[in-house]
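Here the structure is laid out as structure tokens; the discussion comes afterwards.
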Amino acid sequence: MKKKIIIFVLILLLIQLFFFDIHSQTKPAIPADKIKYYDDVLKYGTEEELQKVLSELLLYDVTPLLDQLLSLLNSNIKPAIKISIINCIRSLKEKSAQISPYIKNIISDKFSDKNLLSTAILAAGDLELKELEDLLYEIFTDKAYKDEVNIIRNILLSLGKMKSTKYMQQIFDFLIDSKNSSEIRAAAALYFAEFDSVDSKYIDKFNEMIIDKTENSFVRRYLIYAISKYKAESSYKYILQAINDEDPYIQIYAAKALKEYNVKEGIDILLNTLRSNNPQVRIEILNLLGELKSLDAIEAIIYKAQYDKDANVRKAARDAFFKILEANKNANIKGELAEKIIDFLKYLYKYDPLEANRLKAKQLLLEIFKITV
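Numbering of the sequence shown is given in this note's numbering, commencing with residue 2 and proceeding in unit increments.
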């Protein structure tokens, strides 16, 4: 049980790292009145003062202090401070040539602290230091690191970020071998998600894997994410199968993947998935239906907006309803469907908790059906 919890936490950290990387964000300049203070601390400060300043510098573009930071990185200062330095400089892609030798020294040093090595490897990816791909792959295949999950995982993520294709076949072979660690195979799937296209032989295998219920759930999820970036026609039917999977997380990833395709012919499948017991799945399907803007889904959406037991699902249904209706203002809606839409708009006008929605319902009644309330 404890092992499963640890694995789950590692995967959550992987997701956070992959999707919400603070180091990829544009950072503001260091305030002019602080530069000299920071410069002095980097040159003369104690380790405690350094840690405090580096935690502040993480929020800024540290280009003006790069020379001082690299000098510290090359010193005998303790690994924890070097890790903080790397985290400060790993977003400076325009300075990658200057930073590269320092990152290479850490990665090449067989006696490097494991946490420092792991951070340096991530920085190599963020800085797109493709000249280090051979060095990274050498560590990946080194048996001395076979149990170092963070290091091996970060190598795969970095090779993906630097768009390294040199070892793609070897990474593919590792990924499809179920005897390998699931955590590492999940990272291998994310490696492939860094590319906009790959050879069809890889896609064909990924198509099979995403519907294989014996396959690891995280591997399947990240492969679905990768496939959604390729937009290969051959993957479409497999994603439709995945959206009906028993695993709610597979359903969510498949629903998000379908946003990349023209899936109007798959509306019935999406509507069936609205029966899922997982509210997050229902929300994702409603979000997708809203983006598809097809009137074929609007009756089911009205039902969910009124009667779903989850408040967040009802909100998502109302949002989808408005998106679809606004996109079909000129669709000449008539008959029973028109009556249902009118009744629901009147209901929203009277009872929706958000004033913006009440006003929107009033406006749509007037614009589409010439009804004043």
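Note that beta-carbon positions come from the ideal geometry of N, C-alpha and C, so glycine has one too.
Residue i - DSSP class collapsed to helix/strand/coil
i	result
Ala362	helix
Ile152	helix
Ala332	coil
Asp22	Residue confidence is low: Asp22 scores 47 on pLDDT, short of 50, so the model does not pin down where it sits. Its coordinate-derived value is still stated next. Coil.
Ala357	helix
Ala194	coil
Ala30	strand
Ser295	coil
Ser218	helix
Gly267	helix
Lys351	helix
Glu184	helix
Glu247	coil
Thr142	helix
Ser277	coil
Phe112	coil
Ala233	coil
Leu290	helix
Tyr262	coil
Asp311	coil
Val374	coil
Ile369	helix
Ser165	coil
Leu71	helix
Lys147	coil
Alpha helix (DSSP H) segment containing residue i, residue limits
i	result
Ala121	Lys115 to Asp127
Gln63	In the sequence as presented, Gln is not what sits at residue 63; that position holds Val. It is not in any alpha helix (DSSP H) - Val63 carries neither H nor E in the DSSP assignment.
Asp205	Ser201 to Ile211
Leu133	Here Leu133 belongs to no alpha helix (DSSP H), and DSSP marks it neither H nor E.
Ala243	Tyr237 to Ala243
Glu57	Glu48 to Leu58
Phe173	Met169 to Ile177
Asn106	Ser97 to Ser109
Asn88	Pro80 to Ile90
Proximity below 8 Å, CB of residue i to CB of residue j
i	j	result
Phe193	Ala243	no
Ile253	Lys294	no
Leu70	Ile90	yes
Ile140	Ile156	yes
Tyr379	Leu66	The question about residue 379 has no answer, for the chain in this structure spans 2 to 374.
Leu117	Ala125	no
Lys162	Glu195	yes
Ser119	Ile152	yes
Glu368	Lys330	yes
Ala298	Leu272	yes
Tyr239	Ser218	no
Tyr138	Phe173	no
Val374	Leu366	yes
Ser229	Ala258	yes
Thr64	Leu93	yes
Ile284	Asn245	no
Ile108	Leu136	yes
Ser179	Val150	no
Close Cβ partners of residue i (< 7 Å) along its chain, the five nearest in sequence each way excluded
i	result
Lys260	Leu289 and Glu292
Ala188	Leu15, Arg154, Leu157 and Leu158
Pro354	none
Leu110	The amino acid at residue 110 is misidentified as Leu; the sequence shows Asp. Correct list: empty, nothing qualifies.
Asn75	Tyr103
Ala190	Leu176, Val220, Tyr223, Leu224 and Ala227
Ile286	Ala256, Leu271, Thr274 and Leu275
Sequence-distant residues of its chain with Cβ nearer than 8 Å to residue i (five each side left out)
i	result
Ile16	Here the model assigns Ile16 a pLDDT of 42, short of 50, so the residue's position is not dependable, and the following value carries that caveat. None.
Gly46	Val54
Gln281	Pro249 and Ile253
Ile430	In this structure the chain extends from 2 to 374, so residue 430 is not present and cannot be described.
Leu296	Ile325, Asn329, Ala332, Ile334 and Leu338
Ser201	Ala233 and Ser235
Spatial neighbours of residue i in its chain, beta-carbon cut-off 6 Å, leaving aside the 5 residues before and after
i	result
Ile302	Ala318, Ala321 and Phe322
Met210	Glu216 and Leu224
Tyr350	Arg359, Ala362, Lys363 and Val374
Pro80	Asp114 and Leu117
Leu11	A caution first: Leu11 carries a pLDDT of 45, below 50, which makes its placement in the model too unreliable to give a value.
Tyr168	Tyr138
heavy atom of the ligand GTP below 7 Å from residue i C-beta
i	result
Glu95	No copy of the ligand GTP occurs in the structure displayed, which carries no ligand at all.
Interface flag, residue i vs chain B, CB-CB below 8 Å
i	result
Glu216	Among the chains in the structure shown there is no chain B, since it carries only a single protein chain.
| Are the segment 229 to 236 and the segment 267 to 286 touching by the rule of at least three beta carbon pairs closer than 8 Å? | These segments do not touch.
| Counting pairs of Cβ atoms below 8 Å between the segment 123 to 139 and the segment 89 to 101, do you hit three or more? | By the criterion of at least three beta-carbon pairs nearer than 8 Å, the segment 123 to 139 is in contact with the segment 89 to 101.
| task | Kindly confirm or deny that the segment 26 to 38 and the segment 56 to 64 touch, where touching means at least three C-beta pairs closer than 8 Å. | result | Cβ pair count under 8 Å is three or more, so yes.
| query | If we count Cβ pairs, one from each stretch, closer than 8 Å, do we get three or more for the segment 304 to 318 versus the segment 331 to 340? | reply | Output reads no: the segment 331 to 340 does not touch the segment 304 to 318.
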